[in-house]
Amino acid sequence: MASRPRRQERRARTRQAPRSSTGLVALLVAGAAILLVGGLLYRAVVGTTGASAGPRIGDHWHAPFRIMVCGERVPPLPATPGDIHSHGDDVIHIHPSTSATTGRNATLAAFLATTTMRVTPTELSVGGRTYRTGDACPDGRPGRVSVLVNGRALENFLEYVPRDGDRVEFVFGP
Ligand SMILES: [Zn+2]
Ligand SMILES: [Zn+2]
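For the sequence shown, my numbering assigns the number 1 to the initial residue and increments by one for each residue that follows.
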């Protein structure tokens, strides 16, 4: 005759389940809120310290990137050497070993200089092909060069110092 209490137990447990998952959701929401506020504070602090907040010796930052030409993703660039390099993984790895690649020196230009790709405000050369402002994409529309970081187009992209976790896009397109 142990079946009835066991069934009650089971019912009690299933009744409890939604309550504990509500608790979990509340916890996740609280966690997300904390992360959001923390992120905003971090941004505010970094924003005020401004340009000097580049990488230091011993840091190891990663900024994934992709190259888009007329809407098509270009295959990953080959691995490149140096303190600011990639492993053929389309990620900029920034780990300064000297002051030559710390702080304001750790620019996109410094990274590009190690690669076979060339990017200027009017020209993008990659994979043995060069695309210039006004060159037509296959759909006939003229393209131009832009560089986006976290979805935002940059004016002086060559001077930009990528932050850890930045997502960079080198784009030629309409
Ligand atoms: Zn790395
Ligand atoms: Zn590395």
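Just so you know, even glycine gets a beta-carbon here, dropped at the ideal spot from N, CA and C.
Q: Indicate the three-state DSSP secondary structure (helix, strand or coil) for GLY173 in the structure shown.
A: Taking the sequence shown and counting its residues from 1, the one referred to as residue 173 is at position 173. Strand at GLY173.
Q | Residue closest to ALA53, alpha-carbon to alpha-carbon, out of TYR160, ALA113 and GLU169 | A | Along the sequence shown, read from residue 1 onward, the residue named residue 53 stands at position 53. That would be TYR160, whose Cα lies nearest to the Cα of ALA53.
Q.
With DSSP as the reference, identify every bridge partner of ARG152, one or two as the case may be.
A. Numbered from 1 along the sequence shown, position 152 holds the residue referred to as residue 152. VAL149.
Q. Cα-Cα, which of HIS95, GLY173 and GLY23 is closest to ARG163?
A. Within the sequence shown, numbered from 1, the residue matching residue 163 stands at position 163. It is HIS95.
Q | Proximity winner among VAL171, TRP61, ASN150 and VAL149, relative to VAL119 (alpha-carbon distances) | A | Residue 119 sits at position 119 when you count from the first residue of the sequence shown. The candidate whose alpha carbon is nearest that of VAL119 is VAL171.
Q: State the DSSP-derived secondary structure class of THR101, mapped to helix, strand or coil.
A: Here residue 101 corresponds to residue number 101 of the sequence shown, with the count starting at 1. Residue state, collapsed to three classes: helix.
Q.
Quick check: the Cα distance between ASP135 and ALA106, rounded to an integer number of angstroms?
A. Counting from one through the sequence shown, the residue named residue 135 turns up at place 135. Counting from one through the sequence shown, the residue named residue 106 turns up at place 106. Using only the alpha carbons, I get a separation of about 31 Å.
Q. Where does GLY88 land, buried or exposed, given buried means 16+ other C-beta within 10 angstroms?
A. Here residue 88 refers to the residue found at position 88 of the sequence shown. By the 10 Å Cβ count, GLY88 comes out exposed.
Q. If we ignore side chains and look at the alpha-carbon of each, how far apart do ARG104 and GLY173 end up?
A. For this step, residue 104 is matched to residue 104 along the sequence shown. For this step, residue 173 is matched to residue 173 along the sequence shown. Taking the straight line from one Cα to the other gives about 29 Å.
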